[in-house]
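*Asks:* Sequence lines, in order, name chains L and E. At position 77 of the first sequence (counting the first as 1) the number is 77 in the working numbering, and the numbers step up by one without a gap. Remember, the working numbering sits 1000 above the position in the second sequence when you count from 1. Where is the CB? At the ideal position from N, CA and C, for every residue including glycine. Below you'll find the structure I mean.
Number of protein chains: 2
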Amino acid sequence: MNAIAQFQARRRDIPAGFLDALKAQFGERFSVANSVREHHGSDESPYEPVLPDGVVFAQSTEDVAWVARHCHQHGVPLIAYGTGSSLEGHILAVQGGITLDLSGLNKVVAVNAEDLTVTVQAGVTRKQLNTEIRDTGLFFPIDPGADASLGGMAATRASGTNAVRYGTMRENVMNLKVVMADGRVVQTANRARKSSAGYDLTRLFVGSEGTLGIITEVTVRLYPQPEAISAAVCNFPTLRAAVQSVIEIIQMGVPVARVEFLDLAAVKAINAYSKLTLHESPLLLFEFHGSPAGVREQAQTVQEITSGNGGTAFEWAEHPEDRSRLWAARHNAYFAGLHLRPGARSTTTDVCVPISRLADCVLETAADLEKASFPYTMLGHVGDGNFHVQMMLDSGNPAEWEESERINHRLVARAIAMDGTCTGEHGVGLHKMEFMLAEHGQDALDLMSALKHALDPDNILNPGKMIPSA
Amino acid sequence: MNAIAQFQARRRDIPAGFLDALKAQFGERFSVANSVREHHGSDESPYEPVLPDGVVFAQSTEDVAWVARHCHQHGVPLIAYGTGSSLEGHILAVQGGITLDLSGLNKVVAVNAEDLTVTVQAGVTRKQLNTEIRDTGLFFPIDPGADASLGGMAATRASGTNAVRYGTMRENVMNLKVVMADGRVVQTANRARKSSAGYDLTRLFVGSEGTLGIITEVTVRLYPQPEAISAAVCNFPTLRAAVQSVIEIIQMGVPVARVEFLDLAAVKAINAYSKLTLHESPLLLFEFHGSPAGVREQAQTVQEITSGNGGTAFEWAEHPEDRSRLWAARHNAYFAGLHLRPGARSTTTDVCVPISRLADCVLETAADLEKASFPYTMLGHVGDGNFHVQMMLDSGNPAEWEESERINHRLVARAIAMDGTCTGEHGVGLHKMEFMLAEHGQDALDLMSALKHALDPDNILNPGKMIPSA
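In structure tokens form, the structure reads like this:
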């Protein structure tokens, strides 16, 4: 996409000897190879890669602090890289500089099962974490679909399918170890479940997208594995009936663990991609966690609500393998969407609105999309009021990109007018920067700039992201 | 207590004409009367009053912004005042200046029952809020005991008895309207349940104790009133048995709504003060929320755990009036404690530790307290690892104050060594400032100072609080 061109001009010069010093310090763990730089300048966004000047493969907080001090001294940009699963261009090196690959920070530091907490290095992924703690009887619920790193999930304030029950990274991160712009290392909190001792440094960094500091350790809350889990599928005659059911379920306070919406196109896409036989109409996927009796009770209440809105009887996925297959299909919806148009790249919207406005927002968006000249799907974490439109674009056709951008602009304007947000969980990165002013207003944006300037006065941490002026 | 003397010296001069301009602007809503200043320079802390130079009774965000601009222009301190229920000296005017009484901001701005949110002006108290929304079938759970204002609760990151189930103000504030040091007005977020659009301004102000901005509107989450509620009392032979039961309940993931611990002295005190007949031994008070079947299931699990630790059979408070009486007694525990020693003032500790260390922390503290020369009680929100020691002191006897301070120092050191915090919910104010360095370390404290300086460069917002250098 040529939308990236505007960022290229701001590339900074690298001082003489700067890269040599990195080579001397890190040896084979520093690379300027084109393939390595290209890999680390790419993500799952619609943008073409924008390469850093070099990549350091960090293995410790000390490595990160060393690079930060070196970059700070020479005014060179520094970009944290987890797994590259960003959808919004977060890790593109739009001002050049050094990318810090944190995948080598892959140790579980401390499992405190008695306290329902775990501390991991930032490069540990959510699947790795859940595998390593399986024997404790606990699990980490936040599930953004991709097997993202915990550091990246904290940095983008990620959430996903389980957030309706368990909250987002905002609610589940307890403590962070962060390397500041000048290389100092800060621990943001401790392991007390609550504290009123000063400013909330933890949440200052959660969602800061590598622009205020580089997260190297994350302590998160864990939850007992539910005694009983069940999953169900419910089809609806219309989008409205599906969304209205979700609104009533949330308003009743039913503690559903997951409630995912898929429109007709999304159902067809995942049937084709994941070889499922879901009935093809708008549908909701549910998961219930609790005691056996509690799960039955939740399911019964939900079934009453969905029936009242014209939903079909639940199709149950009682066996763990059926459930896994269903949720794997949901998680692969992104790739299933891409599969609708071989060779396409996709761009994904991410609005979130108060639940009372969800039906209006979904239906107005569906009406707007009817005229689209490319394939698209709609799906989302509707229990939170958050849904996505995935648009499959011919990357050689700028007109399609512009059309998709107009659709997203209208969608974001709609969401903001409904007291919602341009991004529920994907973050700002490059792609949502243009909406920050409309969403927050100038004074709040100035306040964000003041925070950025206070913590990173030379603007070396992931520059050119999140705040339009940075 | 003479501990306040060190703060008096820093009182700032008020420029000529400054107070006259406030009088001209606010008329009878501005007062320099001694009784008014004394009332607004006092709280529930052990400190003697420290009076502001004048008090403005604000009725709107515009009033607050006007005062902020005026104070900003002249470098005069500005202190927000809700209901004066702070236990830590938050609102004492240690550098003089103007106190803004926000009790006139007492309107419920918008009830969005469909979204389970409400927006109130900062002076609305939690009891007023729950009275005004009663007909919606929703309630606001955060309950710090005192009938505090929502603005004050946000500013101190308050929690209380329900936090074990519903979280603290950190988890439940969705959006704030805040007047900045220079009078600009910022809206920190919107009403989407989640967002990844930029820095978390909401949580920057939650817990900032009036030092970063003055909160004038608060949007919080509401919850459906539970279909069924039951409460129970369980007595234990020892402190350890009671605390061990709580640890097991939390580790099992039982969603208790409340689990409060009272030591023998606290039980005796509330029996005497509230004319109850609780069996006099360490006890736990429980409340269960849910469906009728869910509540029974929770209670059964909890009873099995407490029995396994030597607890007595539950005594039930099934009727709403019995429950109200029980919880009113718990809420009056502070006054019941004071009643143990007529004429005394009390000082209250507030550590919070990871739940695995709770038994150690409580028992070591109990052992330390055995030598105390004054009456004390221990009680707390033990489901969160948070407990209080209330010490009843002869305010004419500096030796008792010093003894209580030594006890609190040892207690805080114990909690920090256990990866806990000096304050779980009361905030820093004046009384916990001395622990900020030990708890956070110099680099994190410097980061907090940088945030303070970025938002309030002239240090006019509640100066001399929270951060030792401010």
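Would you call the region 1066-1086 of chain E and the region 1141-1154 of chain E touching, i.e. three or more CB-CB distances under 8 Å?
*Replies:* In short, these stretches touch, since the Cβ pair count reaches three.
*Asks:* Does the beta carbon of residue 1455(E) sit closer than 8 Å to a beta carbon anywhere in chain L?
*Replies:* Answer yes: the Cβ-Cβ gap between residue 1455(E) and chain L drops below 8 Å somewhere.
*Asks:* Quick check: residue 385(L) and residue 353(L), are their CB atoms within less than 8 Å of each other?
*Replies:* Contact flag set, yes.
*Asks:* Using a Cβ-Cβ cut-off of 8 Å, state whether residue 355(L) counts as contacting chain E.
*Replies:* True, the Cβ-Cβ gap to chain E drops below 8 Å.
*Asks:* Considering only their Cβ atoms, is the gap separating residue 1437(E) from residue 1468(E) smaller than 8 Å?
*Replies:* Yes.
*Asks:* Taking its Cβ as the centre, do 16 or more other Cβ atoms sit within 10 Å of residue 1335(E), making it buried, or is it exposed?
*Replies:* Exposed, by the Cβ-count rule.
*Asks:* Using a beta-carbon distance below 8 Å, is residue 1251(E) in contact with chain L?
*Replies:* Yes, contact with chain L.
*Asks:* Drop a sphere of 10 angstroms on the beta-carbon of residue 342(L), count the other beta-carbons inside from all chains shown, and report buried for 16 or more, exposed for fewer.
*Replies:* By the neighbour-count rule (16 or more Cβ atoms within 10 Å), residue 342(L) is not buried but exposed.
*Asks:* Determine, for residue 1001(E), whether the minimum Cβ-Cβ distance to residues of chain L falls below 8 Å.
*Replies:* Legend: pLDDT at residue 1001(E) = 46, less than 50; position of this residue unreliable, value from coordinates given subsequently. Residue 1001(E) does not count as touching chain L.
*Asks:* Taking the runs of the alpha helix (DSSP H) that are 4 residues or longer, which of them lie wholly in the region 1126-1155 of chain E?
*Replies:* If we require 4 residues or more, the alpha helix (DSSP H) runs fully inside the region 1126-1155 of chain E come out as 1126-1132 and 1150-1155.
*Asks:* For my contact list, residue 1291(E) and residue 1228(E) are in at a C-beta cut-off of 8 Å; report their separation, rounded to the angstrom.
*Replies:* Right, the Cβ-Cβ distance comes to about 6 Å (below 8 Å), so this counts as a contact.
*Asks:* Would you say residue 86(L) lies against chain E (beta-carbon separation less than 8 Å)?
*Replies:* False, the Cβ-Cβ gap to chain E never drops below 8 Å.
*Asks:* Does DSSP put residue 1360(E) in a helix, a strand or coil?
*Replies:* It is helical.
*Asks:* Give every residue of the same chain whose Cβ lies closer than 7 Å to the Cβ of residue 41(L), excluding the five residues on either side of it in the sequence, and list them in chain order.
*Replies:* The residues are 49, 50, 51, 52, 92 and 93.
*Asks:* Please work out which residues of its chain come closer than 7 Å, Cβ to Cβ, to residue 1002(E), disregarding the five sequence neighbours upstream and downstream, and give them in chain order.
*Replies:* Its pLDDT being 46, under 50, residue 1002(E) is placed unreliably by the model, and nothing is read from it.
*Asks:* Return helix, strand or coil for residue 124(L), following the three-state DSSP convention.
*Replies:* Looking at residue 124(L) - three-state DSSP - the assignment turns out to be coil, as it is neither helix nor strand.
*Asks:* Which whole runs of the alpha helix (DSSP H) in the region 1320-1408 of chain E are 4 residues long or more, in chain order?
*Replies:* Listed in chain order, the complete alpha helix (DSSP H) runs (minimum 4 residues) inside the region 1320-1408 of chain E are 1320-1331, 1333-1339 and 1358-1369.
*Asks:* Determine, for residue 1166(E), whether the minimum Cβ-Cβ distance to residues of chain L falls below 8 Å.
*Replies:* For residue 1166(E), the answer is no, since every Cβ of chain L falls outside 8 Å of its Cβ.
*Asks:* Between 351(L), 165(L) and 126(L), which lies nearest to residue 108(L) when the distance is taken from Cα to Cα?
*Replies:* Considering only alpha carbons, the answer is 126(L).
*Asks:* Name, in chain order, the residues that DSSP records as bridge partners for residue 177(L).
*Replies:* Paired residue(s): 187(L) and 217(L).
*Asks:* Answer yes or no: do residue 75(L) and residue 460(L) have a C-beta to C-beta separation smaller than 8 Å?
*Replies:* Taking 8 Å as the Cβ cut-off, residue 75(L) and residue 460(L) qualify as a contacting pair.
*Asks:* Does residue 1093(E) come out as helix, strand or coil in the three-state DSSP assignment?
*Replies:* Coil at residue 1093(E), not helix or strand.
*Asks:* Does the count of Cβ pairs from the region 60-76 of chain L and the region 204-217 of chain L closer than 8 Å reach three?
*Replies:* Cβ pair count under 8 Å is three or more, so yes.
*Asks:* Which of the residues in the region 412-430 of chain L, read from start to end, lie with their CB under 7 Å from any CB of chain E?
*Replies:* Listed in sequence order: 419, 420, 421, 422, 423, 424, 425, 426, 427 and 428.
*Asks:* Whose Cβ in chain E lies nearer than 7 Å to the Cβ of residue 361(L)?
*Replies:* Result: empty, since nearest Cβ-Cβ is about 11 Å, beyond 7 Å.
*Asks:* Cα separation between residue 1339(E) and residue 1129(E)?
*Replies:* C-alpha separation (whole angstroms): 30 Å.
*Asks:* Residues in its own chain within less than 7 Å of residue 1239(E) by CB, not counting five upstream and five downstream?
*Replies:* Only 1263, 1282, 1362, 1363 and 1366 meet the Cβ criterion.
*Asks:* If distances are taken between C-alpha atoms only, which option among 1153(E), 1407(E) and 1383(E) comes closest to residue 1392(E)?
*Replies:* Among 1153(E), 1407(E) and 1383(E), the Cα nearest to that of residue 1392(E) belongs to 1407(E).
*Asks:* Which residues does DSSP list as the beta-bridge partners of residue 230(L)?
*Replies:* Bridge partners of residue 230(L): 288(L).
*Asks:* Taking residue 1201(E) as the reference, give the member of 70(L), 444(L), 466(L) and 455(L) with the closest Cα.
*Replies:* For the residues 70(L), 444(L), 466(L) and 455(L), the minimum Cα distance to residue 1201(E) belongs to 444(L).
*Asks:* What residue from 1330(E), 1167(E) and 1251(E) has the CA that sits closest to residue 1276(E)'s CA?
*Replies:* Residue 1276(E) has its Cα closest to that of 1330(E), out of 1330(E), 1167(E) and 1251(E).
*Asks:* 8 Å is my cut-off, CB to CB: does residue 20(L) come that close to chain E?
*Replies:* Judged by the 8 Å Cβ criterion, residue 20(L) is not in contact with chain E.
*Asks:* Against chain E, which members of the region 182-196 of chain L pass a CB distance test of less than 9 Å?
*Replies:* So the close ones are 184, 185, 186, 187, 188, 189, 190, 191, 192, 193, 194, 195 and 196.
*Asks:* Pull the bridge partners of residue 1015(E) from the DSSP assignment, please.
*Replies:* DSSP lists no partner for residue 1015(E).
*Asks:* Does the Cβ-Cβ distance between residue 1078(E) and residue 1054(E) come in under 8 Å?
*Replies:* Their beta carbons are not under 8 Å apart, which means residue 1078(E) does not touch residue 1054(E) by this criterion.
*Asks:* Sort out for me which residues DSSP pairs residue 245(L) with in a bridge.
*Replies:* DSSP, once it has assigned bridges, lists no residue as partnering residue 245(L).
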